[in-house]
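Quick note on the UniProt record's numbering: the sequence shown kicks off at 1 and runs consecutively.
Quick reminder that beta carbons are idealized off the backbone N, C-alpha and C, glycines included.
Encoded as structure tokens, the structure appears first; notes follow it.
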Amino acid sequence: MASTEDLVIHELNGDFFTTLGLTRGPVLGDGMSGEVVLTTFKDHPSEKKAVKIFSLLTPDGGVRSHRLFNTEVRALQGLRHPYIIKYFGSVRCPEHLIICTGYCPNGTLTSKLDNLSFGLCNKYFFQLASAVRYLNIQQRMVHNDIKPDNIFIDANNDAVLGDFGLAFAIPPSSTVVSTAGMGGTLHFNAIEKEVWSYVDPLKLDVYSLGVVLMCMLFNRLLTTDTMYDILKDKQLLMAIPNPLGLCVLSMIQPFPCHRWTMAQILREVRKMGYSTSPSDAT
């Protein structure tokens, strides 16, 4: 991930929407860092983008907004992957900070859980697994907040990982990272983040994606207690067809030393004779 000095941020002296001839549409989402709105070009109304707005008119003078904005831009500007949200640029205005990304018209994975077919579950999982392997191994980055609300379904009905507001880089040659100030989301956080001072960074996103996989398989959001009740039911687990059954057992291990990395999981799935290509996982 780039340092603050390496961030490419455009400067505007006026309002973002007015200056660039954009129409501010409905709110798509609202999180800890600000709201995300649908944006269209007045001259090309069919061209739509998702714009995240960080307010600088806050009691702390925009300090927190700047920190969250810099974290997300630092993560996004170097990423190029078909199942990671496309980044178009960032802008600093007098009253706001702006991040512009691709628009996914089919909403979040959360909205799809209750009627998700096994075929789509399989497809989405291997798309997200591909994204996580790319982040963890090729980019040496941890998303740190994988959950259905941060997974978007694009116009091609593909799963796309977004919202990199808590992402962090894995330091060179490091095999552990400090959990101080790491953050995350209850029920999707790897258990060791809550109890240990230092953790294996390559196991964090794996656990979170494992919880997402369980949510997809059982068509609902799961609490940690509910998830572990399911894991105790051997008959229920045996009913999950491979390769997803293998993936669940490899990812939702409470002790990270027993949990595989995403690269290991995909390698073992291939050894079993299954395809790990997202385009084949239908």
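- Using a Cβ-Cβ distance cut-off of 8 Å, the stretch 201 to 215 and the stretch 255 to 273 are in contact, since at least three pairs of beta carbons, one from each stretch, lie closer than that value.
- Counting along the chain, the unbroken beta strand (DSSP E) around C100 starts and ends at H96 to G102.
- Listed as beta-bridge partners of I84 by DSSP are L161.
- In the structure shown, the three-state DSSP call for A180 is coil.
- The beta carbon of R64 is closer than 8 Å to those of T58 in its chain, skipping five residues each way along the sequence.
- Closest in C-alpha terms to N156, from the list K271, Y198, P171 and G102, comes G102.
- In terms of Cα proximity to S46, the closest of D60, E35, V36 and L22 is L22.
- Residue L161 holds the alpha-carbon nearest to the alpha-carbon of F126 among Q235, L28, L161 and L97.
- For F255, the closest of V8, G61 and N189 by C-alpha to C-alpha distance is N189.
- Using a Cβ-Cβ distance cut-off of 8 Å, the stretch 90 to 100 and the stretch 135 to 149 are not in contact, since fewer than three pairs of beta carbons, one from each stretch, lie closer than that value.
- Pairwise C-beta distances place the stretch 168 to 186 in contact with the stretch 126 to 141, as three or more of them are shorter than 8 Å.
- Taking a cut-off of 8 Å for Cβ pairs, the stretch 218 to 238 and the stretch 268 to 277 do not touch, as fewer than three such pairs fall below it.
- S90 places its beta carbon 8 Å or farther from that of H187.
- Among the bridge pairs identified by DSSP, Y198 is matched with S178.
- The alpha-carbon separation between T18 and Y83 amounts to approximately 31 Å.
- L22 carries a strand assignment under DSSP once its states are collapsed to helix, strand and coil.
- In summary, T175 is exposed, with fewer than 16 beta-carbon neighbours lying within 10 Å of its beta-carbon over all protein chains present.
- Note on geometry: alpha-carbon atoms of Y124 and A159 lie some 5 Å from one another.
- The Cβ atoms of L113 and C247 do not sit closer than 8 Å to each other.
- Beta-carbon to beta-carbon, D149 and T110 are separated by about 5 Å, close enough to satisfy the 8 Å threshold.
- V36 is positioned such that its CB atom lies no closer than 8 Å to that of K48.
- For I265, the enclosing alpha helix (DSSP H) stretches over residues M262 to K271.
- Distance from the CA of L56 to the CA of V269, rounded to the nearest whole angstrom, comes to 47 Å.
- Boundaries for I137: no beta strand (DSSP E) harbours it, and the DSSP string shows neither H nor E there.
- G181 and H44 have their alpha carbons spaced roughly 42 Å apart.
- Distances from the alpha-carbon of D30 to those of Y228, F54 and T40 put F54 closest.
- Taking 8 Å as the cut-off, the Cβ atoms of F152 and T108 count as close.
- With respect to A50, L68 sits apart: the two C-beta atoms are not nearer than 8 Å.
- Bounds of the alpha helix (DSSP H) holding S208 are L204 to L217.
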